[in-house]
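Note that the numbering used here numbers the sequence shown so that position 37 is 189, with each residue one more than the last.
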Amino acid sequence: MNKIDTVVNEHSLYHKGGSLYVLDHPGEEPAIVLMHGFPDDHRVYDKLVPLLSPRRVVTFDWLGYGRSDRTDKSNSTSNDHGSELEAVLEGLDITRALLVGHDASGPDAVAFAVAHPERVAHLVLLNTIFGHQPSLKLPEMIRLLADPAFTALADAMISDDAQRLWLLQHTAAQWGMDALDPEGIAVQSILPQFFGDADQSDAIVAIRAWTAELFSALDEQDDLIDSKALRNLVVPVSIIFGEKDRYLTPTLGAEIAGLFENPSVHVIPDAAHWPQHDQPEVIAALLKRCEAA
Numbered sequence: 153m154n155k156i157d158t159v160v161n162e163h164s165l166y167h168k169g170g171s172l173y174v175l176d177h178p179g180e181e182p183a184i185v186l187m188h189g190f191p192d193d194h195r196v197y198d199k200l201v202p203l204l205s206p207r208r209v210v211t212f213d214w215l216g217y218g219r220s221d222r223t224d225k226s227n228s229t230s231n232d233h234g235s236e237l238e239a240v241l242e243g244l245d246i247t248r249a250l251l252v253g254h255d256a257s258g259p260d261a262v263a264f265a266v267a268h269p270e271r272v273a274h275l276v277l278l279n280t281i282f283g284h285q286p287s288l289k290l291p292e293m294i295r296l297l298a299d300p301a302f303t304a305l306a307d308a309m310i311s312d313d314a315q316r317l318w319l320l321q322h323t324a325a326q327w328g329m330d331a332l333d334p335e336g337i338a339v340q341s342i343l344p345q346f347f348g349d350a351d352q353s354d355a356i357v358a359i360r361a362w363t364a365e366l367f368s369a370l371d372e373q374d375d376l377i378d379s380k381a382l383r384n385l386v387v388p389v390s391i392i393f394g395e396k397d398r399y400l401t402p403t404l405g406a407e408i409a410g411l412f413e414n415p416s417v418h419v420i421p422d423a424a425h426w427p428q429h430d431q432p433e434v435i436a437a438l439l440k441r442c443e444a445a
């Protein structure tokens, strides 16, 4: 553990697949653990974290992403992320956490809460997916990367720098993002996963592994829904969706909310897919109001 300043502890926690990069902001318990989605890293929470004081806040990068170790695994499962999350909690001596899952980490947060309800003080889902809901609309780039019928084409495009950049620029436009904003999510968090930066190599292996398993993961989530495990979950649940998300819309958020018993639902105006970036003050206020069971 290395203390990088007076309020943030930087950790490299070894897991069976490599070392996880973790930032721990000391404060009041229960800790708020923020999990990033696909294909970004812990920096999607940079605008939110300072606003959560005086709470303890933890962010980290999944293996293969951000500043965590790269992996040569060609597939990825929710069990992998579940064990990585557990390694973070164990390594930081966190017995119970307010668990926040955004985008692709939402299903990981749900699965962990179902398996370990005693360790989750509150489950918060931000603009996420879960199973084959009627309103689920995946971005075209993700559909291309996930469809086994187009694996050869997708690999060819991803292996070509110019085509990869074009895919990102097209997808950013579809999300309504400013791809050139130096302080935006695209430049700060997504672009480094596809091209690397001064602190990390690219995360292409992890990106292809996650997309390869996407459709089977949605099937597994359907099975969990059918088991009534979500309906019977005793952990408090909050669903928070940015109103302007063009793919994972508030309608999808309402459908996911319907899987749980009495969740709290919030639609955030003037926010799109990353409400924690677009409206950090609003999200911080909501998280601070989340009550433990």
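Cβ atoms here follow ideal geometry from the backbone N, Cα and C, with glycine treated the same way.
Between residue i and residue j, what straight-line distance do the alpha-carbon atoms span, to the nearest angstrom?
i           : j           : result
residue 470 : residue 284 : Only positions 153 to 445 of the chain appear in this structure, which leaves residue 470 out of reach.
residue 365 : residue 441 : 35 angstroms
residue 388 : residue 420 : 20 angstroms
residue 240 : residue 375 : 27 angstroms
Less than 7 angstroms between C-beta atoms, sequence neighbours within five positions excluded: which residues of the same chain meet that for residue i?
i           : result
residue 182 : 248, 249, 250, 273 and 444
residue 436 : 200, 203 and 204
residue 337 : 192, 196, 329, 426 and 429
Over the uninterrupted alpha helix (DSSP H) stretch that includes residue i, give me the two end residues.
i           : result
residue 253 : Premise fails: residue 253 lies in the beta strand (DSSP E), 249-255, not in any alpha helix (DSSP H).
residue 374 : 366-378
residue 408 : 402-409
From the DSSP secondary-structure annotation, give me the bridge partner or partners of residue i.
i           : result
residue 280 : 255
residue 223 : Bridge partners of residue 223: none, in fact.
residue 187 : 212 and 253
residue 356 : None, per the DSSP bridge assignment.
residue 243 : According to DSSP, residue 243 bridges with nothing at all.
residue 349 : 352
Which residues in the same chain have their Cβ closer than 6 angstroms to the Cβ of residue i, if we skip the five residues on either side of it in sequence?
i           : result
residue 206 : 179 and 180
residue 154 : Because residue 154 sits at a pLDDT of 36, beneath the cut-off of 50, its placement in the model cannot be relied upon, and the following sentence gives the value as read from the coordinates. Only 162 meet the Cβ criterion.
residue 382 : 411 and 412
residue 289 : 399
Please confirm whether residue i and residue j have their CB atoms less than 8 angstroms apart.
i           : j           : result
residue 196 : residue 428 : yes
residue 297 : residue 211 : no
residue 173 : residue 219 : yes
residue 287 : residue 221 : no
residue 350 : residue 396 : no
residue 408 : residue 264 : no
Kindly list the residues whose CB is nearer than 8 angstroms to the CB of residue i, restricted to its own chain and excluding five residues on each side of it in sequence; keep chain order.
i           : result
residue 260 : 187, 230, 233, 234, 237 and 253
residue 432 : 199, 200 and 203
residue 316 : 309, 310, 346 and 347
By the DSSP assignment, the beta strand (DSSP E) with residue i in it spans what residues?
i           : result
residue 164 : 161-167
residue 302 : That residue, residue 302, is in no beta strand (DSSP E); it is neither H nor E in DSSP.
residue 176 : 170-177
When you compare the CB of residue i with every CB in chain D, is at least one pair closer than 8 angstroms?
i           : result
residue 222 : Chain labels in this structure do not include chain D; a single protein chain is all it has.
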